[in-house]
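Comments concern the structure below.
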Amino acid sequence: MKRFFIIIILLFTFCTKLFAQNNDLALARLYAQNGEQQKALDIYLKLYKQDNEGYYQQYLNALLAGKKFDEAESITRKMIRKHPGAYEYNIALGTVYTQQGSIDKADVIYAGLIKNLPADQNEISAIASQFYQNANVEYAVKIFLQGRKLLHNDALFSFELINLYRYKRDKGGLTEEYLNFLPSNPSFLNQAESMLATVYEGAPDYDILKFALLKRIQKDPQQLIYVNLLTWQYLQQKDFGQALNQAIALSRRQNDDGGSIYELCSTLSANEAYDEAIRGYEYVIAKGKDNPNYVSAKIELINTKNLKVTSGKYTQADLLSLEQDYLNLLNEFGRNRSTVFAMQKLASLQAFKLHKLKDAEALLESAVSIPDVRPTLLASCKLDLGDIYLLNNQPWDATLLYSQVEKDNPNTAVGQDALLRNAKLAYYTGDFNWSRRQLDILKAATTQLIANDALNLSLLISDNLAIDSAGTALKMYARADLLIFAEQTDKAVLTLDSIPKKYPGTLEADVLMAKTKILLQQKQYPEAVALLKQIAESHPDDLWADDAVFMLGDLYETKLNNPTMAQTYYQKIIADYPGSLWLNDARKRFRALRGDKNDAS
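See the structure below:
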């Protein structure tokens, strides 16, 4: 019993002492935070005297913070004498010298550590880790490199060195380390590409990688990982032709099915490198009908040609050639549920580019009658067919189709799109009041683009009917809008130019926006910018003003490669148009361009 009480008393004494030390430690930290360094130092000294090893680090940090380097050196030397084999105290002494400005003394100590490094992988890692914790990344790297030599294994410590080079933003070290690491660890290629992309700052960095890869490929041509990385490098530099050349060379060497080329073509097309994507798809198709990617490549080849033709200036011959490509595809694979998508694209080409409205109408009527077509694709084809009925002066047939899609797809984006098209049809045909009632429903649409279009069109109708209840000028403008939709731009411009002559001072900003839409269709971005600036500067209170400002930001960001100007216009939306439907998008894009890590805040 007596022994039990002694144990209880000892435990109580120990806990009391520990509690008091914890209180002292908290108080010292509080003093330090409040700038009362001497009071904090006094407490740390007291604790250090009670337990040298337990409170050495806290006391050392306090001494260094107070620039008391002599005392810091003294206590560290005592710990070295007490523990002569403990490397952490030698590293701590080097830290004291470094902060004191005696870099040479620190280097002598660190050189000694490197010279006497133990031939033990775990010990080497622990010593390097200690350097890293003391914010000495340079010597952490040197320890790992020396460890490799000591253990005669250049593959050791790769992960550690990769992370240290990334932390240092040492582009050369990171590049070489990955080039050494990847041949035996090809599954880390994507990680390497992602990390290099975060460290590299421009073309010179990618050029260094390119030359290093070409040198290694020449030395070891069988190492395919280098070819893959070189392809990625060319993509980053937007040298799409060379990227495709490398990928095709690798595909031929491996005699594969061209699957990697097929995937690469998608990237090329997304970057508007249409000629290269076309060449890649043709390579896959040339492998024959038995190739698993044959059908997909043939379809994507035509889609890419479509994008190429419709993305820039083209000739009538280009359009007719593309039409024939689609017809050949449908002749080869038939007109069925698997080729409805091609029928839809061909109809769009015929209606809006070739203006073969009857051919497009017949083709889409055939497409929507095919059984078991995916519901979303079927709805899309019906909406397109409704558009063609509208252009073909069959508004009643158009509204029936739009209404059918809306009824079949309630409370969905497709259904709301159908309602918007119905409202636009009424606007085009001069039934403004009915159109406005439908548009007011769509102001709360779940899709921002639909909501924004509905709001703008509703305000356009309301503003102009308030001035002229008959809407005579608005009817002329609506006809021009329909001609723009039909891509009959010459007729549209003539109609728009007639409005200020017949109705001076009417629809000024609206005419400018309509002409902007035409210029955007024709990819004439600088000319579109000039008109948008005219709207923003001369009509800052017009309903199109915030749209014009946001469009300027978008054009500068995505088409004209001027992020500084893009930021200016996004910031203008935030500052001048806080009620704009573009506000959230403008804020996100502004923060992204500014480089904010979290654009959701």
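Numbering-wise, the sequence shown is residues -20 to -1, 1 to 581 according to mature numbering (1 follows the signal peptide of the UniProt record, and there is no 0). Glycine included, C-beta positions come from ideal geometry on N, C-alpha and C.
(1) Give a yes or no on whether the C-beta atoms belonging to Leu573 and Gln428 are separated by under 8 Å.
(2) Take the Cβ of Asn235 as the centre, count every other Cβ of all protein chains shown within 10 Å, and call the residue buried at 16 or more, exposed below.
(3) Thinking Leu350 and Val385 are a contact (beta carbons under 8 Å), I'd like their distance in whole angstroms, please.
(4) Can you find a heavy atom of the ligand COA that lies under 7 Å from the Cβ of Leu299?
(5) Ends of the alpha helix (DSSP H) at Val353?
(6) Starting from the C-beta of Leu535, find all residues in its chain whose C-beta is less than 7 Å away, skip the five residues before and the five after it, and write them out in chain order.
(7) Does Glu181 come out as helix, strand or coil in the three-state DSSP assignment?
(8) Are at least three pairs of beta-carbons, each pair with one atom in the stretch 421 to 440 and one in the stretch 469 to 481, less than 8 Å apart?
(9) In angstroms, rounded to a whole number, what distance separates the CA positions of Gln1 and Lys129?
(10) So, is Asp397 buried or exposed, given that buried needs 16 or more other C-beta atoms within 10 angstroms?
(11) Is the CB-CB distance between Ile515 and Ala528 below 8 Å?
(12) Can you tell me the Cα-Cα spacing of Leu131 and Lys190, whole angstroms?
(13) Taking the alpha carbon of Lys58 as the point to measure from, which residue in Leu40, Ala403, Arg149 and Phe332 has its own alpha carbon closest?
(14) Can you list, in chain order, the residues of its chain with a C-beta nearer than 7 Å to that of Leu334? Leave out the 5 residues immediately preceding and following it.
(15) I'd like to check one pair, Leu309 with Ala327: are the Cβ atoms closer than 8 Å?
(16) Using only the alpha-carbon positions, how far apart do Thr290 and Gln296 sit?
(17) By the 10 Å Cβ neighbour count, where 16 or more other Cβ atoms means buried, how is Gln547 classified, buried or exposed?
(18) Taking the straight line between their C-alpha atoms, what separation do you get for Ala52 and Ala45?
(19) Please list, in chain order, all residues of the same chain as Asp222 whose beta carbon is under 8 Å from its beta carbon, the five residues on each side excluded.
(20) Please report the distance separating the alpha-carbon of Phe161 from that of Asp305.
(21) Buried or exposed: which applies to Asn96, given that a residue is buried once 16 or more other Cβ atoms fall within 10 Å of its Cβ?
(22) Taking Cβ positions, are Pro272 and Asp237 nearer each other than 8 Å?
(23) Can you say whether Tyr147 is buried or exposed, counting buried as having 16 or more other CB atoms within 10 angstroms of its CB?
(24) Check the C-beta distance from Phe111 over to Ile123 and give it rounded, since I have them as a contact under 8 Å.
(25) Assuming Ser240 is part of the alpha helix (DSSP H), what are its boundary residues?
(26) Please say whether Leu358 and Tyr408 have beta carbons closer to each other than 8 Å?
(27) Check Pro163 in the structure and name its three-state DSSP category.
(28) How is the alpha helix (DSSP H) around Trp376 delimited, first residue to last?
(29) Could you spell out where the alpha helix (DSSP H) holding residue 586 opens and where it closes?
(30) Given a cut-off of 8 Å, decide if Val179 and Lys199 are closer than it, judged by their beta-carbon atoms.
With the given structure in hand:
(1) no
(2) exposed
(3) Contrary to the premise, residue 350 reads as Ile rather than Leu in this sequence. Contact doesn't hold; Cβ gap of about 17 Å is too wide.
(4) Only the bare structure without any ligand can be found here, which leaves the ligand COA out of the picture.
(5) Val353 -> no alpha helix (DSSP H), and no H or E assigned at all.
(6) Tyr505, Ala508 and Val509
(7) coil
(8) no
(9) Reliability of the predicted coordinates at Gln1 is poor, the pLDDT of 49 falling under 50, and no value is obtained from them.
(10) buried
(11) yes
(12) 31 Å
(13) Leu40
(14) Leu299 and Glu303
(15) no
(16) 12 Å
(17) buried
(18) 10 Å
(19) As written in the sequence, residue 222 is Gln, which differs from the Asp given in the question. Cβ neighbours of Gln222 beyond the five flanking positions: Tyr214.
(20) 47 Å
(21) exposed
(22) yes
(23) exposed
(24) 6 Å
(25) Gly239 to Ala250
(26) no
(27) helix
(28) Pro375 to Asp388
(29) The requested residue 586 is not part of the displayed model; the chain covers only -20 to 581.
(30) no
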